[in-house]
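Visitor: Residue numbers (the numbering used here): 234 to 571.
Here it is as structure tokens:
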């Protein structure tokens, strides 16, 4: 389940970074959103959790909500809550696990080159001052039913087209200027527009009139997709691509500039903040906030997202006061139980 989600997230990333259009691409900055979402799933235990020895420290019970990697390179076990370097052994780190005994989990971890690691779901208490996690319930990741987590995470980026379908449906304006090269050129043009906020592509559900081989019975229009990766076969067809660009000023001029380059389906919409503004906020938050795991911007919603190890609500309140309520959204990896 994790592998499929990671592959799907990877396919949704990197378009603007390489300037080589791909299906369901987003801004490079949104890649962090897709990857971190994979790390933030939830799961349901199928067996009662085990109880490690030792009393719990004070504080409310918290949990990542899903199995995570426990890593020990010889200096003690740590709870990996951020990115993991996929080497062998893997490389990651996080809060120190107090009272962890690998002998209790024989058969549930790997031991290579002096490193031990395995997947476990943990519930316990966390001290943000000492960055120590005290587990009171531990269940091997293999005992979890990942199918119980249901559909995509609610925080998954929305790559669908925000513009309503034009009268008569989505249509290609000029097939001769609707190629992978002109799409790449249009994306490059977009980044230089006044008030540029972001760009991504969506796929039309049906083939437009101007396509060389319209499906039988097609009425010559194309419906917008839903931002999913369901129709992989259409992903490399510029004739079925809707280019989405957001700017914070002069939408009409932006559309005219893009039309000089791109003859395909186009949606230019207004953004609340520019890319530069969002990046500035993210940089400020990153430099001021300790314990941040990842951060990214969402041009569509004009928001900045940060993932931290733990927040009792005080960090969110502080960022609301500094940047305006709802501008920066804090997602703690350790969440209260229940």
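In this text, a Cβ means the ideal position worked out from N, Cα and C, and glycines have one as well.
As the structure is a prediction and not an experimental result, all values here were calculated from the model.
Please determine, among 423, 318 and 312, the residue with the shortest C-alpha to C-alpha distance to residue 495.
Guide: The shortest C-alpha separation from residue 495 is found at 423.
Visitor: Could you spell out the range, first to last residue, of the alpha helix (DSSP H) harbouring residue 195?
Guide: The question about residue 195 has no answer here: the residues shown for the chain are numbered 234 through 571.
Visitor: Which one of 408, 324 and 351 has the shortest CA to CA distance from residue 333?
Guide: Answer by Cα proximity: 351.
Visitor: Considering Cα atoms alone, identify which of 339, 404, 396 and 409 is closest to residue 375.
Guide: Per the Cα distances, 339.
Visitor: Evaluate residue 223 with the Cβ neighbour count: other Cβ atoms within 10 Å of its Cβ, from every protein chain shown; 16 or more gives buried, anything less gives exposed.
Guide: Here the chain comprises residues numbered 234 to 571, so residue 223 is not present and cannot be evaluated.
Visitor: For residue 246, which three-state DSSP category applies?
Guide: In this prediction, residue 246 has a pLDDT of 36, which is less than 50 and means its spatial position is unreliable; what the coordinates show is noted afterwards. The answer is coil: DSSP assigns residue 246 none of H, G, I, E or B.
Visitor: Beta-carbon separation of residue 315 and residue 548 under 8 Å?
Guide: No.
Visitor: Extract the residue ranges of the beta strand (DSSP E) inside the stretch 468-539, only unbroken runs of 3 or more that lie entirely within it.
Guide: Complete beta strand (DSSP E) runs here, min 3: 474-480, 498-503 and 525-531.
Visitor: How big is the Cα-Cα spacing for residue 559 and residue 343?
Guide: C-alpha separation (whole angstroms): 42 Å.
Visitor: Assuming residue 562 contacts residue 543 (C-beta within less than 8 Å), just tell me the rounded distance between them.
Guide: With 8 Å as the limit, residue 562 and residue 543 do not qualify as a contact, their Cβ atoms being about 16 Å apart.
Visitor: With a CB to CB cut of under 6 Å and the five nearest residues on each side skipped, what residues in its chain are close to residue 296?
Guide: The answer, listed in chain order, is 356 and 570.
Visitor: Take residue 492 and list the residues in its own chain whose beta-carbon comes closer than 8 Å to its own, dropping the five residues that flank it on each side.
Guide: Answer for residue 492: 406 and 499, listed in chain order.
Visitor: Can you tell me the Cα-Cα spacing of residue 516 and residue 417, whole angstroms?
Guide: Their backbone Cα atoms lie some 28 Å apart in a straight line.
Visitor: Under 8 Å by Cβ, that's how I've got residue 507 and residue 429 pegged, so tell me the actual separation to the nearest angstrom.
Guide: Their Cβ separation, rounded to whole angstroms, is 6 Å, which keeps residue 507 and residue 429 in contact under 8 Å.
Visitor: With a CB to CB cut of under 6 Å and the five nearest residues on each side skipped, what residues in its chain are close to residue 479?
Guide: 430, 431, 502, 504 and 532, listed in sequence order.
Visitor: How is residue 448 classed by DSSP in three states: helix, strand or coil?
Guide: Low local confidence applies: a pLDDT of 37 at residue 448 is under 50, so the model's placement there is unreliable, and no value is given.
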